[in-house]
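Below you'll find the structure, written out as structure tokens, and then a few comments.
There are 2 protein chains.
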Amino acid sequence: MPAPAGRRQRIRQATLEEIHAAARKLLVEQGSAAVTISAVAREVGMSGPALYHYFAGHDELVGAVTAGFLRELTTAMERARDDLADRPLDDRVLAVCRAMRGWATAHPAEFGWIFARPIAAPNRRPESARHQAALRFEGVLLDLTVELWRTRPFPAPDPADLPASLREQVAAYSAGIDGRLPPGAAHVFLSCWIRLYGLLCMEVLHQLDFAYTDLEPVYEEHLHDLAATLGLTYLAAD
Amino acid sequence: MPAPAGRRQRIRQATLEEIHAAARKLLVEQGSAAVTISAVAREVGMSGPALYHYFAGHDELVGAVTAGFLRELTTAMERARDDLADRPLDDRVLAVCRAMRGWATAHPAEFGWIFARPIAAPNRRPESARHQAALRFEGVLLDLTVELWRTRPFPAPDPADLPASLREQVAAYSAGIDGRLPPGAAHVFLSCWIRLYGLLCMEVLHQLDFAYTDLEPVYEEHLHDLAATLGLTYLAAD
DNA sequence: TATGTTTCCTTACGACCTCTAAGTAATCTA
DNA sequence: TAGATTACTTAGAGGTCGTAAGGAAACATA
Chain A
-3 MPAPAGRRQR
7 IRQATLEEIH
17 AAARKLLVEQ
27 GSAAVTISAV
37 AREVGMSGPA
47 LYHYFAGHDE
57 LVGAVTAGFL
67 RELTTAMERA
77 RDDLADRPLD
87 DRVLAVCRAM
97 RGWATAHPAE
107 FGWIFARPIA
117 APNRRPESAR
127 HQAALRFEGV
137 LLDLTVELWR
147 TRPFPAPDPA
157 DLPASLREQV
167 AAYSAGIDGR
177 LPPGAAHVFL
187 SCWIRLYGLL
197 CMEVLHQLDF
207 AYTDLEPVYE
217 EHLHDLAATL
227 GLTYLAAD
Chain B
-3 MPAPAGRRQR
7 IRQATLEEIH
17 AAARKLLVEQ
27 GSAAVTISAV
37 AREVGMSGPA
47 LYHYFAGHDE
57 LVGAVTAGFL
67 RELTTAMERA
77 RDDLADRPLD
87 DRVLAVCRAM
97 RGWATAHPAE
107 FGWIFARPIA
117 APNRRPESAR
127 HQAALRFEGV
137 LLDLTVELWR
147 TRPFPAPDPA
157 DLPASLREQV
167 AAYSAGIDGR
177 LPPGAAHVFL
187 SCWIRLYGLL
197 CMEVLHQLDF
207 AYTDLEPVYE
217 EHLHDLAATL
227 GLTYLAAD
């Protein structure tokens, strides 16, 4: 008799979560190729075509699941930041960077989907969950860097010293983030981002297995460098 | 009547090349998922199962084709090096790095297969063509760095200053390359490698599209930094 | 409460894929 | 010339994606 207004909604939501969990389980346990519409449906106990009531097709399923991973990664970074809300900015930046690698290495298969998977057309639309999640992800470190720049500006090159093509690109990026970082500072931020995130990509893609078995100290060394670049005090992890 | 001894062999070789070309065409024109046994067979004009006389299965086909890409990339780098055989080492190193990016950006789909594809078990065996090709690839810049180290050593940290875990890993790597670079120098080499190759990975995986439209100047800036690190004279590209 | 609509899920199906099996024809070897 | 090897064929089992058509349950509303 009560029949809450959103009963159907709640059930649908629960089913969606079950589907996400099933897809993730298949990905982690059996690899990317095992995440098929059929297998996921089987896992949640319904028969194939039923999944088309939740996703338009395989690409959309993958996109939605990947967006979920990205949100989880972002949340881990935000939590690391907020757990240290009363500590100096220096510590918060380092904690967020470490949280990023922590999540990535704890969930390599999921992280692989985040960045090493061709983004199908529907997930490229700006309003797609995939794209929204990417924006929020990029925002975490950007926001911290903006805060740093405002309270304690780090050394940044004069844009006039950059080659023309690069100057234009960082200017465009700077404008795209509403000028919260001027072009020179944006250039420094992007350089740091490339080093950190690039290292993580290579680690998860096993591109460094030929030389390293454990990249934690390498990552810490990068963090140390980056701290120096940004004028942050580097504090070793616990 | 002449029937040269290796007639069958030659035909087989030609067919293999045709298969490689067909697979590549499908990859470039229609993406990774289009490279199926059936589609490739169709492309070369034979019916499905015939391909199993050339490859044990889909994974082996992908591995063989990828090895071919890697050989082509390596050859491009070696050629850049040899074309400048009489120029100073500084120029040759830069040329090889630029050739690497040149090939990667000219053949993004192929480069994607080289590094952003799970390497199936059979292609991980040390004697597999995939693995052999990887060794030769890694050798190009390593050899140049060794030559540089011998003729004009660059600044390298004292391994004693590195954290224990990192020290052990670079020592192991140094031993693995027959000590041609001592641990400190190996550490510098690997750091440079990570920055260059990492940037390339991110570019090809579209991880930097949010900020850049053309990464050529960014790559050049990295080369400039690396040249400074290695004590090389940076000469702008033609 | 009764009726119509929406939602969820089913089975059936066509088209495609991988890979095995079995058979044929051509080529090489001895 | 006889046998072994190689290269291919078709047939087929079992898997996939995605569409179509239909039933049953839950909801909204008169």
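Line order of the protein sequences matches chains A and B. Residues in the first sequence are numbered from -3 upward in steps of one, following my numbering. Residues in the second sequence are numbered from -3 upward in steps of one, following my numbering. The beta carbon of each residue, even a glycine, is placed where N, CA and C say it ideally should be.
Output the distance between the C-alpha atoms of Leu201 of chain A and Leu158 of chain B, rounded to the nearest integer angstrom.
25 Å
In whole angstroms, what is the alpha-carbon distance linking Ala102 of chain B and Val24 of chain B?
Whole-angstrom Cα-Cα distance: 11 Å.
For Glu134 of chain B, go through chain A and note every residue whose CB falls closer than 8 Å to its CB, in chain order.
Phe206
Can a CB atom of chain A be found closer than 8 Å to the CB of Ala129 of chain B?
no
Name, please, each residue of chain A whose Cβ falls closer than 7 Å to the Cβ of Phe65 of chain B.
Simply none; closest approach about 15 Å.
What whole-angstrom Cβ distance do Ala116 of chain A and Gly59 of chain A have, given they're in contact under 8 Å?
At roughly 6 Å, the Cβ-Cβ gap stays under 8 Å, so Ala116 of chain A and Gly59 of chain A are in contact.
Ignore the nearest five residues each way along the sequence and tell me which others in Arg3 of chain A's own chain have a CB closer than 7 Å to its CB.
none
Closer than 8 Å to chain A by CB, Asp55 of chain B
no
Might you give, ordered along the chain, the residues of its own chain that have their beta carbon closer than 8 Å to the beta carbon of Trp189 of chain B, omitting 5 neighbours on each side?
Leu137
My output table needs one value for Val31 of chain A: the three-state DSSP class, helix, strand or coil.
coil
The alpha helix (DSSP H) enclosing Ser161 of chain B, as first and last residue numbers:
That run of the alpha helix (DSSP H) goes Ala160 to Gly172.
Given a threshold of 16 other Cβ atoms within 10 Å of its Cβ, counted over all protein chains shown, does Arg97 of chain B qualify as buried or as exposed?
Answer is buried; the Cβ neighbour count reaches 16.
Using a C-beta to C-beta distance shorter than 7 Å, which residues of chain A count as neighbours of Tyr169 of chain B?
Ala207
Pull up the CB-CB distance for Ala76 of chain A and Ala95 of chain A, whole angstroms please, since I reckon it's below 8 Å.
The pair is a contact, with the Cβ atoms about 4 Å apart (cut-off 8 Å).
Does chain B have any CB closer than 8 Å to the CB of Pro213 of chain A?
yes
Determine the burial state of Thr70 of chain A: buried for a count of at least 16 other Cβ atoms within 10 Å of its Cβ, exposed for fewer.
buried
In chain A, which residues lie with their C-beta within 9 Å of the C-beta of Tyr230 of chain B?
By Cβ distance, chain A contributes nothing, its closest Cβ being about 13 Å from Tyr230 of chain B, past 9 Å.
DSSP state of His49 of chain B, grouped into three classes?
helix
Rounded straight-line distance, which links the Cα of Gly108 of chain B to that of Leu57 of chain B
16 Å
How far does the alpha helix (DSSP H) with Pro179 of chain A in it reach, from first residue to last?
Pro179 to Val200
Rounded to a whole number of angstroms, what is the C-alpha to C-alpha distance between Met42 of chain B and Glu13 of chain B?
In a straight line, the C-alpha of Met42 of chain B is about 14 Å away from that of Glu13 of chain B.
Leu47 of chain A and Ala37 of chain A: beta carbons closer than 8 Å?
Yes. Within cutoff.
Would you please verify whether the beta carbon of Pro114 of chain B is less than 8 Å from any beta carbon of chain A?
yes
List the residues of chain A whose Cβ lies closer than 8 Å to the Cβ of Ala210 of chain B, in chain order.
According to the sequence as given, residue 210 of chain B is Asp; it is not Ala. Chain A residues near Asp210 of chain B: Ser161 and Gln165.
In or out: His49 of chain A buried (at least 16 other Cβ within 10 Å) or exposed?
It is exposed - the Cβ of His49 of chain A has fewer than 16 other Cβ atoms within 10 Å.
Which residues of chain B have a Cβ atom closer than 9 Å to the Cβ of Ser34 of chain A, listed in chain order?
Going along chain B, no residue has its Cβ under 9 Å from Ser34 of chain A, so there is no contact; the nearest lies around 16 Å.
Go through its chain and collect everything with a Cβ distance to Ala105 of chain B's Cβ below 8 Å, but skip five positions before and after it.
Apart from the 5 residues on each side of it in sequence, Ala105 of chain B sits with its Cβ closer than 8 Å to the Cβ of Leu23, Val24, Gly27 and Ser28 in its chain, given in chain order.
Quick one: does Leu186 of chain B have its CB under 8 Å from some CB of chain A?
yes
For Gly194 of chain B, tell me which candidate among B:Tyr215, B:Pro178, B:His54 and B:Gly53 has the shortest Cα-Cα distance.
Measuring from the Cα of Gly194 of chain B, the nearest candidate turns out to be B:Tyr215.
When the distance is taken between beta carbons, is Val92 of chain B closer than 8 Å to Leu228 of chain B?
It is not a contact, given that the beta carbons lie outside the stated cut-off.
In the DSSP assignment, find the unbroken alpha helix (DSSP H) run with Thr229 of chain A in it and report its ends.
From DSSP, Thr229 of chain A is part of no alpha helix (DSSP H); its letter is neither H nor E.
Under 8 Å between the Cβ atoms of Glu39 of chain B and Ala10 of chain B?
no
Between which two residues does the alpha helix (DSSP H) holding Phe107 of chain B run?
Pro104 to Phe111
8 Å Cβ shell around Leu260 of chain A - same chain, five flanking residues per side excluded
In the structure as shown, chain A starts at -3 and stops at 234, and residue 260 of chain A therefore has no counterpart that could be examined.
Alpha carbon to alpha carbon, what distance is there between Gly175 of chain B and Asp86 of chain B?
22 Å
In the DSSP assignment, the alpha helix (DSSP H) including Glu13 of chain B goes from what residue to what residue?
Arg3 to Gln26
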